[in-house]
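In my numbering, the protein residues as written are 205 to 582.
Where a beta carbon is used, it is the ideal one built from N, C-alpha and C, also for glycine.
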Ligand code: CAA
């Protein structure tokens with residue numbers, strides 16, 4: 205069994221690590237305070253190939269594979285979780301277009317998304333259909349060759365910044381079979397950016413509602429086959445869950461390094477607190493859980509790369525990594541004592557940022573549903 209990264213994967217990881225430590229980490233507080241990932245950061249990520257890591261070179265991507273994407277995502281998340289989720293969703297949108305788009309759609313959107321000049325948004329969830337997207341109410345009805353879309357979406361990452369939306373809408377019968385997918389340009393008449401969410405964490409990322417009022421789309425906006433939208437969403441989410449597992453891992457790694465640094469410096473009862481068993485046990489548990497999360501995440505990434513079914517493994521990685529990273533961040537706050545509860549230390553931000561990894565890209569409860577269904581089927 206080979207646990208080593210290959211040369212390309214190491215190169216991508218080191219590139220991401222270098223940018224994350226030298227440039228992004230010092231900006232993380234500003235990104236949170238200003239609630240914005242600056243355009244120069246997005247362009248830099250694009251220039252380094254990090255917005256299209258698993259997209260073919262012919263479409264402007266790095267074509268470095270899923271494992272490389274996973275390790276790069278963890279490095280970026282260690283520095284700034286808001287930038288990481290922005291990067292995650294654009295990679296997911298870019299990959300889904302590269303996989304399911306026709307030639308015109310791929311040529312039009314993939315290189316643009318790869319460049320960092322714009323972002324992608326994944327418009328699936330609705331106010332009353334988050335865990336159960338099969339219950340969505342947004343509709344798209346035919347009008348000659350065009351489509352007319354009415355309804356709304358909720359919790360859309362990068363929604364106010366995106367140049368292109370992958371949008372799901374009901375085109376037929378109730379349930380998962382009556383759903384189709386569309387590519388929508390920002391600024392399309394009838395599309396309105398709605399409420400901006402005031403979030404607990406990842407405050408530098410943008411999360412908005414979208415409203416559609418008689419939004420007219422050309423026939424060419426249909427993405428994939430009519431009625432195949434739900435399947436496309438599920439396949440995209442399988443990959444997206446590997447991304448969020450990797451993000452969780454990065455946030456946890458950041459919190460553990462903060463805790464280690466602090467535990468070696470901070471003195472109590474005449475010695476560094478790292479010499480107390482109470483602290484050592486927290487460090488041991490955190491290191492063990494992060495290593496376990498890494499193995500699950502890399503297994504899911506490797507399976508996706510080998511094009512074997514990986515739905516269950518992606519859900520297991522996302523479930524475990526997000527919950528483990530939350531425990532690691534919680535312990536890191538505890539190691540810092542009162543200081544960990546203040547904005548002066550990064551662990552406070554990481555603790556707020558990590559919480560959402562158990563919610564978005566499918567809640568922990570949904571991951572358990574997916575895993576249990578597949579285990580019972582096996
Ligand atoms: N790959 C391919 N096809 C799949 C699939 C997969 N992983 N999962 C399901 N399908 C197919 C099924 O085979 C089935 O097809 P047939 O009808 O032809 O047999 C069809 O899709 C319907 O499947 P289910 O009956 O399993 O559907 P369901 O309604 O019971 O839902 C679910 C299953 C797993 C609970 C799903 O609804 C789900 O994943 N919910 C969570 C949604 C989610 O993760 N949202 C996140 C939003 S995006 C986000 O958060 C991004 C961000 O900002 C960071």
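Would residue 356 pass as a contact of residue 261 if the rule is Cβ separation under 8 Å?
Cβ distance not < 8 Å, so residue 356 and residue 261 don't count as in contact.
How about the segment 450-462 and the segment 273-282: do they share at least three Cβ pairs that are nearer than 8 Å?
As far as the Cβ criterion goes, the segment 450-462 touches the segment 273-282, which means the pair count is three or higher.
Around the C-beta of residue 306, are 16 or more other C-beta atoms found within 10 angstroms, so that it is buried, or is it exposed?
Counting Cβ neighbours within 10 Å, residue 306 comes out exposed, since fewer than 16 surround it.
Roughly how many angstroms lie between the CA atoms of residue 541 and residue 469, to the nearest whole one?
Roughly 13 Å separates the two Cα atoms.
Can you tell which of 360, 380 and 218 has its C-alpha closest to the C-alpha of residue 274?
For the residues 360, 380 and 218, the minimum Cα distance to residue 274 belongs to 218.
Look up residue 187 in the DSSP assignment and give the residues it is bridged to.
No answer is possible for residue 187: the residues shown for the chain start at 205 and end at 582.
Roughly how many angstroms separate the alpha carbons of residue 568 and residue 480, rounded to a whole number?
Cα to Cα, residue 568 sits roughly 34 Å from residue 480.
What does the Cβ neighbour count give for residue 254, buried or exposed, with the cut at 16 atoms within 10 Å?
When all chains shown are included, residue 254 counts as buried.
I'd like to check one pair, residue 366 with residue 353: are the Cβ atoms closer than 8 Å?
Against a cut-off of 8 Å, the Cβ pair of residue 366 and residue 353 comes out as no contact.
Identify every residue that forms a DSSP beta bridge with residue 350.
Residue 350 is bridged to 347.
Thinking just about the alpha-carbon of each residue, which of 324, 263 and 407 is nearest to the one in residue 371?
Taking only the C-alpha atoms, the option nearest residue 371 is 324.
Starting from residue 539, trace the alpha helix (DSSP H) in both directions and tell me its first and last residue.
Element bounds for residue 539: 515-540.
For the ligand CAA, any of its heavy atoms closer than 7 Å to the Cβ of residue 564?
Flag set: Cβ of residue 564 near the ligand CAA.
Express the C-alpha separation of residue 506 and residue 380 in angstroms, rounding to a whole number.
About 29 Å.
Helix or strand or just coil, what does DSSP make of residue 442?
Helix.
Please name the residue, chosen from 449, 388, 410 and 235, that lies closest to residue 398 on a Cα-to-Cα basis.
Comparing Cα-Cα distances from residue 398 to each of 449, 388, 410 and 235, the minimum goes to 410.
Hey, is residue 329 close to the ligand CAA, as in C-beta under 7 Å from one of its heavy atoms?
True, at least one ligand heavy atom lies under 7 Å from that Cβ.
Out of 243, 387 and 231, which has the shortest C-alpha to C-alpha gap to residue 300?
Out of 243, 387 and 231, 387 has the C-alpha closest to the C-alpha of residue 300.
Roughly how many whole angstroms lie between the Cα atoms of residue 486 and residue 494?
Approximately 12 Å between the Cα atoms of the pair.
Residue range of the alpha helix (DSSP H) that residue 325 falls in?
No alpha helix (DSSP H) contains residue 325, which is instead part of the beta strand (DSSP E) from 323-327.
Since residue 297 contacts residue 276 with CB under 8 Å, what's their CB separation in whole angstroms?
About 17 Å separates the two Cβ atoms, so there is no contact after all.
May I ask you to check if the CB of residue 359 is nearer than 7 Å to at least one heavy atom of the ligand CAA?
Yes, the beta carbon of residue 359 sits closer than 7 Å to at least one heavy atom of the ligand CAA.
Return yes when the Cβ of residue 574 is within less than 8 Å of the Cβ of residue 515, no when it is not.
A contact, by the Cβ cut-off of 8 Å.
The beta strand (DSSP E) with residue 419 in it runs from where to where?
Start and end: 411-421.
Curious, which full-length beta strand (DSSP E) runs of at least 3 residues does the segment 443-497 contain?
Runs found: none.
Given 7 Å as the limit, tell me if residue 406 has its C-beta closer than that to any heavy atom belonging to the ligand NAD.
As far as ligands go, the structure on display features the ligand CAA and does not contain the ligand NAD.
Which first and last residues belong to the alpha helix (DSSP H) in which residue 547 is found?
It is not in any alpha helix (DSSP H) - residue 547 carries neither H nor E in the DSSP assignment.
Tell me, to the nearest whole angstrom, how far the beta carbon of residue 496 is from that of residue 524; I am working on the premise that it is less than 8 Å.
Correct: roughly 7 Å between the Cβ atoms.
Since residue 360 sits in a beta bridge, which residues does DSSP pair it with?
Paired residues: 412.
So is residue 517 buried or exposed if we call it buried at 16+ other beta carbons inside 10 Å?
Buried, by the Cβ-count rule.
Our contact map puts residue 462 next to residue 536 with C-beta atoms below 8 Å; I'd like the distance itself, whole angstroms only.
The pair is a contact, with the Cβ atoms about 6 Å apart (cut-off 8 Å).
Taking 7 Å as the cut-off, is the CB of residue 375 close to at least one heavy atom of the ligand CAA?
Because no heavy atom of the ligand CAA lies under 7 Å away, the Cβ of residue 375 does not count as near it: no.
Quick check on DSSP: helix, strand or coil for residue 266?
In the structure shown, residue 266 sits in coil (DSSP, three-state: anything other than H, G, I, E or B).
Tell me which same chain residues have a C-beta within less than 8 Å of the C-beta of residue 347, skipping the five on either side of it?
Contacts found: 420.
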